[in-house]
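>
In our numbering, the protein residues as written are 4 to 678.
1. Please classify residue 485: is it buried, with 16 or more other beta-carbons within 10 angstroms of its beta-carbon, or exposed?
2. Are there 16 or more other CB atoms within 10 angstroms of the CB of residue 285, so buried, or fewer, so exposed?
3. For the ligand ZN, is there a heavy atom less than 7 Å away from the beta-carbon of residue 326?
4. Quick one: what's got a C-beta closer than 6 Å to residue 453's C-beta in the same chain, skipping five residues either side?
5. Kindly indicate which residue of 335, 450, 126, 189 has the alpha-carbon position closest to the one of residue 3.
6. Would you list the one or two residues that DSSP bridges to residue 684?
7. Below 6 Å CB to CB, which residues in the same chain sit around residue 238 once its five sequence neighbours on both sides are set aside?
8. With which residues is residue 128 paired in a DSSP beta bridge?
9. For residue 293, which of 47, 370, 514, 38 has the nearest alpha-carbon?
10. Is it buried or exposed for residue 123, if we count other Cβ within 10 angstroms and need 16 for buried?
11. Does DSSP classify residue 369 as helix, strand or coil?
12. Which term fits residue 27, buried or exposed, when burial requires 16 or more other beta carbons within 10 angstroms of its beta carbon?
13. Using 8 Å for Cβ pairs, my map puts residue 339 next to residue 319. What's the rounded Cβ distance?
14. Taking only runs that begin and end inside the segment 420-502, name each unbroken alpha helix (DSSP H) of 4 or more residues, in chain order.
15. Output yes if chain D places a C-beta closer than 8 Å to the C-beta of residue 505; else output no.
16. Considering only the alpha carbon of each residue, which of 482, 346, 646, 511 lies closest to residue 550?
17. Can you say whether residue 81 is buried or exposed, counting buried as having 16 or more other CB atoms within 10 angstroms of its CB?
18. For residue 77, I'd like the list of residues in its chain whose CB is within less than 7 Å of its CB, leaving aside the five on either flank, ordered along the chain.
19. Output needed for residue 348: all residues of its chain with C-beta closer than 6 Å, excluding positions within five of it in sequence on either side, in chain order.
20. By the DSSP assignment, the alpha helix (DSSP H) with residue 184 in it spans what residues?
21. Short check: CB of residue 230 to CB of residue 638, under 8 Å?
22. Going by other Cβ atoms of all chains shown within 10 Å of its Cβ, with 16 needed for buried, is residue 426 buried or exposed?
23. Report the partner residues of residue 350 according to the DSSP bridge assignment.
24. Using three-state DSSP, classify residue 667 as helix, strand or coil.
25. Excluding the five sequence neighbours on either side, which residues of its own chain have a C-beta within less than 8 Å of the C-beta of residue 477, listed in chain order?
26. Kindly indicate which three-state DSSP category residue 660 falls into: helix, strand or coil?
27. Are residue 629 and residue 355 touching if we call contact CB-CB under 8 Å?
28. Does the Cβ-Cβ distance between residue 537 and residue 570 come in under 8 Å?
29. Which same chain residues end up closer than 6 Å to residue 23 when comparing Cβ atoms and leaving out the 5 residues on each side of it in sequence?
30. If contacts are defined as beta-carbon pairs under 8 Å, then residue 605 and residue 216 qualify, I think. What distance do you get, rounded to the angstrom?
31. Within this structure, are the beta carbons of residue 586 and residue 542 separated by less than 8 Å?
32. Quick one: grab the DSSP three-state call for residue 228.
33. Mind checking residue 509: buried by the 16 CB within 10 Å criterion, or exposed?
34. Would residue 525 be called buried (16 or more neighbouring beta carbons within 10 Å of its own) or exposed?
35. When DSSP labels each residue in this structure, what does residue 536 get in the three-state scheme?
36. Which ranges does the alpha helix (DSSP H) cover as unbroken runs of at least 4 residues, wholly within the segment 517-580, from first to last along the chain?
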C-alpha cells in the first residue's frame with residue numbers, strides 16, 4: 004500500500020514538474036530584479052573603500068529596457084537613485100558631487116545572463132547572474148518530489164543538485180564529469196592536495212572553509228556529548244534536572260528554557276541543546292520528533308530577535324543598506340540599529356513560534372503527525388520513527404557500568420563550550436577600540452565584528468570542550484583514553500548520513516542562487532498589491548523563497564532590497580514599511596523551518612537523533628499554524644487597524660484555541676488505545 008502511495012506521489016510530482024514550463028513568469032520583472040542583484044554585488048566590492056568626503060561621479064551604461072536601479076548605500080554615506088532608459092548612457096550623480104574619481108558601472112544582457120562590470124581605482128570587478136526561468140524551479144521541486152514520495156533525502160538532494168547543474172552546464176555527461184572531478188578535487192584539497200581542481204557544486208561545497216568548520220563543530224560537539232554520556236555526566240545532569248522536569252510537560256518546558264537561554268547563535272543553540280536534552284526527553288518518553296521541533300523553534304526565532312546575537316550584525320547590516328531607499332518615509336530611523344529596534348515589535352512569527360512551543364508544553368496537547376509520534380513513544384514504542392531501527396541511539400554510548408553519575412561532568416564540558424564562544428566573540432569584537440561594552444550599541448558592534456568569524460569560533464570552542472571532557476574522564480579514572488576515544492569517534496560516526504545531507508543542502512543553495520530561483524519566485528508573485536495586504540504578501544513570498552532555497556539569510560539579502568523600496572513607494576507610511584521589513588525576516592525563518600533542505604532544519608534533526616523527513620513532516624503543521632496566526636493577525640491585522648498589543652493577544656488566544664480544540668492530550672490518547 005505504501006509503495007503504491009509513493010509511486011502515486013512520484014507520478015503527481017512528475018506531472019507538476021512538466022507543468023511549470025507554462026507558469027506566467029514576467030521576464031521583465033526577472034531582468035529588473037536580477038539587475039538590482041548584480042549592481043548590489045558589484046558595489047559591495049568597493050564598500051568601505053571610498054572616504055565619506057570623496058567627490059565621486061558614477062557613470063552607468065545599461066543596454067536594457069526601462070528600469071530603476073537603487074543602491075543599498077553600499078558606498079559609505081553616498082546614496083544615489085536614477086532611471087535608465089534603453090541604450091542610454093547617463094551620469095548618475097551622488098549627493099556629494101564634484102570633479103574627482105570616477106566609478107564606472109556597466110550592465111548588459113547577453114544570452115540569458117545579466118553581466119555587470121565595475122571599475123574603480125584601476126580595478127575591475129565582474130559579476131554575472133543567470134536570468135531565472137521555469138528551469139530554475141526544478142531543483143527544489145525535484146528535491147521535494149523524491150523526498151516526499153521515496154523518503155530518501157540524500158537521493159532527493161543529490162538529484163536536485165545534479166538536475167540544477169545539468170541546466171547550468173547544458174549536458175548530462177558534462178555535468179557528471181564536472182561534479183565527479185570536482186568532488187574528488189574538493190576531498191583531496193581538505194588534506195592539502197591541490198592537483199585536481201575542486202570545481203562543480205559538490206567540490207566547491209566540500210572544500211569551502213566555512214562549511215568544513217560548521218561540519219567540524221557539529222562532529223566535535225556530538226563526539227563530546229558521547230564522551231559525557233559514557234562517563235555518566237549526562238545521567239547525572241538528567242538526575243539533577245529531574246527536580247524541575249518531573250514529567251513530559253515540564254521536561255519540554257526545561258528544554259524550551261535551554262533553547263531560549265542560548266540566544267547568541269542559532270548553530271550553537273541547535274547542536275548544544277539538541278545533543279544535551281536528548282537524555283532528559285528520552286527519560287520522560289518524549290519523541291525525538293517533538294525534541295527536534297522544540298530545538299528548531301527556539302534557535303533561529305530566538306537568535307533572530309535577540310538584541311545581542313550573531314544574527315543582529317547581519318540584520319543591522321542589511322538595514323543599513325536600505326536607509327537610502329527609505330529616506331522619503333516619515334518617521335524612519337537614521338541608523339540600521341535603530342531600524343532593527345523599530346521593526347522588532349512586528350516580528351510576529353518569531354515571537355508567536357516561541358509562544359507556541361511554550362503553550363504546547365503547558366497544555367500537553369498535540370495534533371497531526373506530532374500526536375502520532377508522541378503517542379507511539381508514550382506507549383513504549385521507539386523514540387524515533389517506527390521505520391527507523393534507531394541504530395543511531397546505540398552509537399551514543401550508554402554510561403559505563405559501575406561509575407558514579409556526576410552532573411558536573413556534563414555541565415563543565417558543555418559550559419566550557421558556551422563560555423569559550425562568548426569569550427572569543429568578545430575578544431574578536433574588542434579588537435576595535437570603539438566598541439564600548441557599557442552600551443548596547445557597543446555589544447551590537449562586538450557581535451557584528453565576531454559574526455564574520457563565527458565558524459572558527461564554534462569549532463575552536465567545541466575542541467576546547469572536547470579536551471576538557473577527555474581530561475575529566477581521565478582525571479577521575481572514569482574512562483581510559485582508549486574508551487574515551489572510542490566513545491568520541493562512535494558519536495561522530497553517527498553523523499555520516501547527516502553530514503552528506505548537510506553538504507548537499509549547501510550545494511543546492513548555490514545551485515538555486517546560480518539559476519536565479521529566488522528571482523523567478525519574486526517575479527511570479529508580482530508587485531501590484533494594496534498597502535493593506537502588502538506585508539502579508541511579502542511574508543508569504545519570503546517564506547516561499549526560503550523554503551525553495553533552504554537559506555533564511557540568503558532570502559533576507561534577496562527580498563529586503565526589493566520589499567523596502569516597494570513598501571515605500573506603494574504606501575510611504577512607516578507602519579507599513581516596518582511591517583514589510585519584519586515580514587521579510589520572519590518569512591525567511593518560517594520558510595527555513597518548513598524546508599527539508601535547510602541547514603538549520605538538518606542540524607536540528609541531526610543533533611536530536613530524529614529522522615530528518617520525520618522532523619520536517621511533524622514540524623510543518625505547527626509552523627503553518629503559527630504562520631497563519633502571524634500572517635492574518637500580525638502582518639495583515641496590524642496594517643488593517645489592529646494595534647500591536649491586540650495582535651499579540653489575539654495570536655496567543657488563537658494558538659491556545661488550536662491546541663485546546665484540535666489537539667489532544669497524549670496520555671488520554673494512549674489510554675484510549677491501550678488494551
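Backbone N, C-alpha and C fix where the C-beta goes; we use that ideal spot for every residue, glycine too.
Inspection of the coordinates gives the following:
1. By the 16-neighbour rule on beta-carbons within 10 angstroms, residue 485 is exposed.
2. Buried, since its Cβ has 16 or more Cβ neighbours within 10 Å.
3. Questions concerning the ligand ZN fall outside what the structure shown contains, since it holds no ligand whatsoever.
4. Counting only residues of its own chain and dropping the five nearest sequence neighbours on each side, residue 453 has a CB closer than 6 Å to the CB of 428, 431, 432.
5. Since the displayed the chain opens at 4 and closes at 678, residue 3 lies outside it and no answer follows.
6. Shown here, the chain extends from 4 to 678; a query on residue 684 therefore has no answer.
7. Excluding sequence neighbours, residue 238 sits near 402, 408.
8. 121.
9. Measuring C-alpha to C-alpha distances from residue 293 to each of 47, 370, 514, 38 identifies 370 as the nearest.
10. The Cβ neighbour count for residue 123, taken over all protein chains shown within 10 Å, is at least 16; the residue is labelled buried.
11. Residue state, collapsed to three classes: strand.
12. Label assigned to residue 27: exposed.
13. Right, their Cβ atoms sit about 4 Å apart.
14. Counting only unbroken stretches of 4 or more residues, the alpha helix (DSSP H) elements lying wholly within the segment 420-502 are 443-454, 457-478, 484-496, in sequence order.
15. Of the protein chains in the structure, only one exists, and it is not chain D.
16. Nearest to residue 550 by alpha-carbon distance, out of 482, 346, 646, 511, is 511.
17. Note that residue 81 has pLDDT 29, beneath the 50 cutoff, so the model's placement of it is unreliable and the number below is only indicative. Taking all protein chains in view, the Cβ of residue 81 is crowded by 16 or more other Cβ atoms within 10 Å, so the residue is classified as buried.
18. Only weak support exists for where residue 77 lies, its pLDDT of 33 falling under 50; the value from the coordinates is given anyway. Only residues of its own chain outside the window of five on either side were considered, and among them 43, 46, 47, 50, 324 have a CB closer than 7 Å to the CB of residue 77, listed in chain order.
19. If we look at residue 348 and ignore the five residues flanking it on each side, its Cβ neighbours are 647.
20. Looking at the DSSP string, the run of the alpha helix (DSSP H) that includes residue 184 is 175-193.
21. No, these two residues do not count as a Cβ contact at 8 Å.
22. When all chains shown are included, residue 426 counts as exposed.
23. Listed as beta-bridge partners of residue 350 by DSSP are no residues whatsoever.
24. Strand, per DSSP.
25. Answer for residue 477: 483, 484, 487, listed in chain order.
26. Correct three-state label for residue 660: helix.
27. A contact, by the Cβ cut-off of 8 Å.
28. Going by C-beta atoms, residue 537 is nearer than 8 Å to residue 570.
29. Take residue 23, set aside five residues on each side of it, and the residues of its chain with a beta-carbon closer than 6 Å to its own are 137, 140, in chain order.
30. At roughly 16 Å, the Cβ-Cβ gap does not stay under 8 Å, so residue 605 and residue 216 are not in contact.
31. Yes, Cβ-Cβ distance for residue 586 and residue 542 is below 8 Å.
32. The answer is helix: DSSP assigns residue 228 an H, G or I state.
33. It counts as buried.
34. It counts as buried.
35. The answer is coil: DSSP assigns residue 536 none of H, G, I, E or B.
36. Taking only runs of at least 4 residues, the alpha helix (DSSP H) segments lying wholly in the segment 517-580 are 520-528, 537-552, 555-573.
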